[in-house]
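S.K.: Attaching a single structure in structure tokens format; questions to follow.
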Amino acid sequence: MNKYEVVRQIGEGAFGKAFLVRDKGGGGDRHCVVKQISLTKISAKEREASKKEVMLLSKMKHPNVVTFFTSFQEKGSLYIVMEYCDGGDLMKKINMQRGIHFSEEQIVSWFIQICLGLKHIHDRKILHRDIKAQNIFLTSRGMKAKLGDFGIARMLNNTLELARTCVGTPYYLSPEICENRPYNNKTDIWSLGCVLYELCTLRHPFEGSSLRQLISKICRGRYKSVPNRYSYDLRLLLTQLFKVNPRDRPSINSVLRRPFLEKHIKLPSLPCLYMHGLGLGLGLGLVESWTIFLCLFVERFAHSTFTMLNSMTLSSTAPFSQQMS
Numbered sequence: 050m051n052k053y054e055v056v057r058q059i060g061e062g063a064f065g066k067a068f069l070v071r072d073k074g075g076g077g078d079r080h081c082v083v084k085q086i087s088l089t090k091i092s093a094k095e096r097e098a099s100k101k102e103v104m105l106l107s108k109m110k111h112p113n114v115v116t117f118f119t120s121f122q123e124k125g126s127l128y129i130v131m132e133y134c135d136g137g138d139l140m141k142k143i144n145m146q147r148g149i150h151f152s153e154e155q156i157v158s159w160f161i162q163i164c165l166g167l168k169h170i171h172d173r174k175i176l177h178r179d180i181k182a183q184n185i186f187l188t189s190r191g192m193k194a195k196l197g198d199f200g201i202a203r204m205l206n207n208t209l210e211l212a213r214t215c216v217g218t219p220y221y222l223s224p225e226i227c228e229n230r231p232y233n234n235k236t237d238i239w240s241l242g243c244v245l246y247e248l249c250t251l252r253h254p255f256e257g258s259s260l261r262q263l264i265s266k267i268c269r270g271r272y273k274s275v276p277n278r279y280s281y282d283l284r285l286l287l288t289q290l291f292k293v294n295p296r297d298r299p300s301i302n303s304v305l306r307r308p309f310l311e312k313h314i315k316l317p318s319l320p321c322l323y324m325h326g327l328g329l330g331l332g333l334g335l336v337e338s339w340t341i342f343l344c345l346f347v348e349r350f351a352h353s354t355f356t357m358l359n360s361m362t363l364s365s366t367a368p369f370s371q372q373m374s
């Protein structure tokens with residue numbers, strides 16, 4: 050830790066602490082977050098989980114995913130160094146509204162960015178399993194959203210493998226997890242719906258006076274409707290994200306192909322993308338613009354190629370994005 054100067058502690062969990070630090074090696078002007086995990090106080094299983102988190106974080110390279118810098122072990126602790134997001138988390142932003150609704154333009158801006166981050170994760174056959182407003186972080190004066198905290202993420206051994214561990218935050222749990230049924234990446238889609246609902250209403254979609262009542266509402270998919278101030282397309286998307294049967298929910302690639310979202314992320318040219326930030330003032334830099342441009346171009350090319358081959362009645366296996374739509 051000699052390379053870092055601790056500014057203040059910003060969090061504490063069951064397995065360790067999180068600090069805002071100043072990177073001395075970077076001229077002292079770069080702030081980072083360091084998660085300290087005491088390896089001597091946790092079980093072998095928990096130590097393995099910590100190492101897995103480091104492995105997962107090192108695979109994530111996307112402008113809408115919190116950046117992993119490095120990790121190291123020192124004096125019986127594991128340290129994970131990550132990007133510091135100066136805008137706080139999305140739940141903090143929601144609470145600051147004090148009942149004043151976000152504009153649809155702002156909601157769509159954040160939602161697209163969250164979807165792009167989740168697409169990056171799902172394309173690598175990884176489940177996040179704890180998507181919630183507290184795990185979405187803001188930078189660039191609140192304009193840029195990044196998905197973070199992969200503490201309970203899980204890599205899928207193959208595209209359709211189903212996990213069985215009951216994890217996640219109660220308000221964001223999917224029906225299949227509540228009922229202890231197998232689940233796949235569609236459980237992240239449900240949680241994504243919860244975040245979108247919160248952005249529209251400033252409250253959780255499913256609430257109850259007890260855990261039993263909360264789970265009952267989740268499993269029935271019962272929630273109060275979104276205000277009519279928001280477009281029909283946005284309200285329709287929510288109903289699709291909240292399908293009780295996970296097979297009926299869209300994949301993240303399918304969500305991004307919704308026309309009312311797609312029109313904001315069509316990329317006629319790189320200069321246009323860079324100048325307009327995906328048409329929504331996302332504050333993207335040139336490198337980030339290139340990254341998203343390439344991600345979306347590759348996905349669209351794969352989709353178009355599959356459609357063309359299918360129309361020629363050639364035998365072909367659908368890509369992951371098609372299988373999971």
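Mind the numbering: the sequence shown is residues 50 to 374 in the numbering used here, read in order. C-beta atoms are modelled at their ideal positions from N, C-alpha and C, and glycine is treated no differently. All of these numbers come straight from a predicted model, not from anything done at the bench.
(1) How is residue 103 classed by DSSP in three states: helix, strand or coil?
(2) Please specify which runs of the alpha helix (DSSP H), each continuous and at least 4 residues long, are wholly inside the segment 227 to 303, giving them in chain order.
(3) Per DSSP, residue 194 is paired with what?
(4) Going by C-alpha to C-alpha distance, which of 145, 150, 221 sits closest to residue 276?
(5) May I have the straight-line CA-CA distance separating residue 136 from residue 116, to the nearest angstrom?
(6) Can you check which of these residues, 268, 157, 286, 263, is closest to residue 274 by C-alpha distance?
(7) How many whole angstroms separate the CB atoms of residue 126 and residue 88, which I take to be in contact at a CB cut-off of 8 Å?
(8) Whose CA, out of 157, 108, 100, lies closest to the CA of residue 280?
(9) Going by DSSP in three states, residue 87 sits in which element: helix, strand or coil?
(10) Taking just the CA atoms, how far does residue 147 sit from residue 110?
(11) CB residue 270 to CB residue 293, shorter than 9 Å?
(12) Among 221, 142, 101, 183, which residue has its Cα nearest to the Cα of residue 191?
(13) Pair every Cβ in the segment 166 to 183 with every Cβ in the segment 222 to 238, then say whether three or more of these pairs are closer than 8 Å.
(14) Ordered along the chain, which non-local residues of its own chain (more than five positions away) have a Cβ less than 7 Å from that of residue 255?
(15) Can you name the start and end residues of the alpha helix (DSSP H) that residue 69 belongs to?
(16) Per DSSP, what kind of secondary structure is residue 53 in: helix, strand or coil?
(17) Measuring straight from C-alpha to C-alpha, what distance separates residue 229 and residue 261?
(18) Tell me the rounded alpha-carbon separation between residue 187 and residue 314.
(19) Among 72, 67, 247, 311, whose alpha-carbon lies nearest the alpha-carbon of residue 51?
(20) Are residue 83 and residue 67 close, meaning C-beta to C-beta below 9 Å?
(21) Tell me the DSSP bridge mates of residue 131?
(22) Would you check if the distance between the CB atom of residue 290 and the CB atom of residue 299 is smaller than 9 Å?
(23) What span of residues does the alpha helix (DSSP H) with residue 309 cover, start to end?
(24) Return helix, strand or coil for residue 166, following the three-state DSSP convention.
(25) I believe residue 196 touches residue 163 by the beta-carbon criterion, under 8 Å. Please report the beta-carbon distance rounded to the nearest angstrom.
(26) Excluding the 5 residues preceding and the 5 following residue 74 in the sequence, name in chain order all residues of the same chain whose CB lies nearer than 6 Å to its CB.
(27) To the nearest angstrom, how far is it from the Cα of residue 233 to the Cα of residue 224?
M.R.: With the given structure in hand:
(1) In the sequence shown, the residue the question calls residue 103 occupies position 54. DSSP places residue 103 in helix when its eight states are reduced to three.
(2) 235 to 250, 260 to 269, 281 to 290
(3) By 1-based counting over the sequence shown, the position of residue 194 is 145. Bridge partners of residue 194: 187.
(4) Counting from one through the sequence shown, the residue named residue 276 turns up at place 227. Nearest C-alpha to residue 276: 150.
(5) To locate residue 136, count along the sequence shown from 1; it is residue 87. To locate residue 116, count along the sequence shown from 1; it is residue 67. Residue 136 and residue 116: Cα-Cα distance of roughly 15 Å.
(6) In the sequence shown, residue 274 corresponds to position 225, counting from 1. The option with the nearest alpha carbon to residue 274 is 286.
(7) Your numbering for residue 126 matches position 77 in the sequence shown. Your numbering for residue 88 matches position 39 in the sequence shown. Contact between residue 126 and residue 88 holds, with the beta-carbon distance rounding to 6 Å and staying under 8 Å.
(8) Taking the first residue of the sequence shown as 1, we reach residue 280 at position 231. Of the listed residues, the one whose Cα sits closest to residue 280 is 157.
(9) Within the sequence shown, residue 87 is the residue found at index 38, counting from 1. Of the three classes helix, strand and coil, the one that applies to residue 87 here is strand, per DSSP.
(10) On the sequence shown, residue 110 is found 61 positions in, with the first residue counted as 1. On the sequence shown, residue 147 is found 98 positions in, with the first residue counted as 1. Linking residue 110 to residue 147 through their CA atoms gives a straight-line distance of about 34 Å.
(11) Indexing the sequence shown from 1 puts residue 270 at position 221. Indexing the sequence shown from 1 puts residue 293 at position 244. With contacts defined as CB atoms closer than 9 Å, residue 270 and residue 293 qualify as a contacting pair.
(12) One-based indexing of the sequence shown puts residue 191 at position 142. Of the candidates 221, 142, 101, 183, the one whose C-alpha sits nearest the C-alpha of residue 191 is 142.
(13) yes
(14) As a working note, residue 255 is residue 206 in the sequence shown. Closer than 7 Å at Cβ, skipping near neighbours: 220, 263, 266, 267, 272.
(15) On the sequence shown, residue 69 is found 20 positions in, with the first residue counted as 1. Segment 65 to 72 is the beta strand (DSSP E) holding residue 69; no alpha helix (DSSP H) there.
(16) Against the sequence shown, residue 53 aligns to sequence position 4. If DSSP states are grouped into helix, strand and coil, residue 53 belongs with the strands.
(17) Mapped onto the sequence shown, residue 229 falls at position 180. Mapped onto the sequence shown, residue 261 falls at position 212. Between residue 229 and residue 261, the C-alpha separation is close to 14 Å.
(18) Working through the sequence shown from its first residue, we reach residue 187 at position 138. Working through the sequence shown from its first residue, we reach residue 314 at position 265. Going from the Cα of residue 187 to the Cα of residue 314 covers about 20 Å.
(19) One-based indexing of the sequence shown puts residue 51 at position 2. When each option's Cα is compared against that of residue 51, the closest is 72.
(20) By one-based count along the sequence shown, residue 83 stands at place 34. By one-based count along the sequence shown, residue 67 stands at place 18. Yes, Cβ-Cβ distance for residue 83 and residue 67 is below 9 Å.
(21) For the purposes of this step, residue 131 is taken as residue 82 along the sequence shown, with counting starting at 1. Residue 131 pairs with 82, 117.
(22) Taking the first residue of the sequence shown as position 1, residue 290 is located at position 241. Taking the first residue of the sequence shown as position 1, residue 299 is located at position 250. Yes, Cβ-Cβ distance for residue 290 and residue 299 is below 9 Å.
(23) Along the sequence shown, one-based indexing puts residue 309 at 260. First-last of the alpha helix (DSSP H) with residue 309: 308 to 314.
(24) Taking the first residue of the sequence shown as position 1, residue 166 is located at position 117. Helix, per DSSP.
(25) Counting from 1 along the sequence shown, the entry for residue 196 is found at position 147. Counting from 1 along the sequence shown, the entry for residue 163 is found at position 114. The Cβ separation is near 6 Å, so the contact holds.
(26) Here residue 74 refers to the residue found at position 25 when the sequence shown is read from its first residue. Closer than 6 Å at Cβ, skipping near neighbours: 52.
(27) Position 184 of the sequence shown, counted from the first residue, corresponds to residue 233. Position 175 of the sequence shown, counted from the first residue, corresponds to residue 224. Their Cα atoms are separated by approximately 12 Å.
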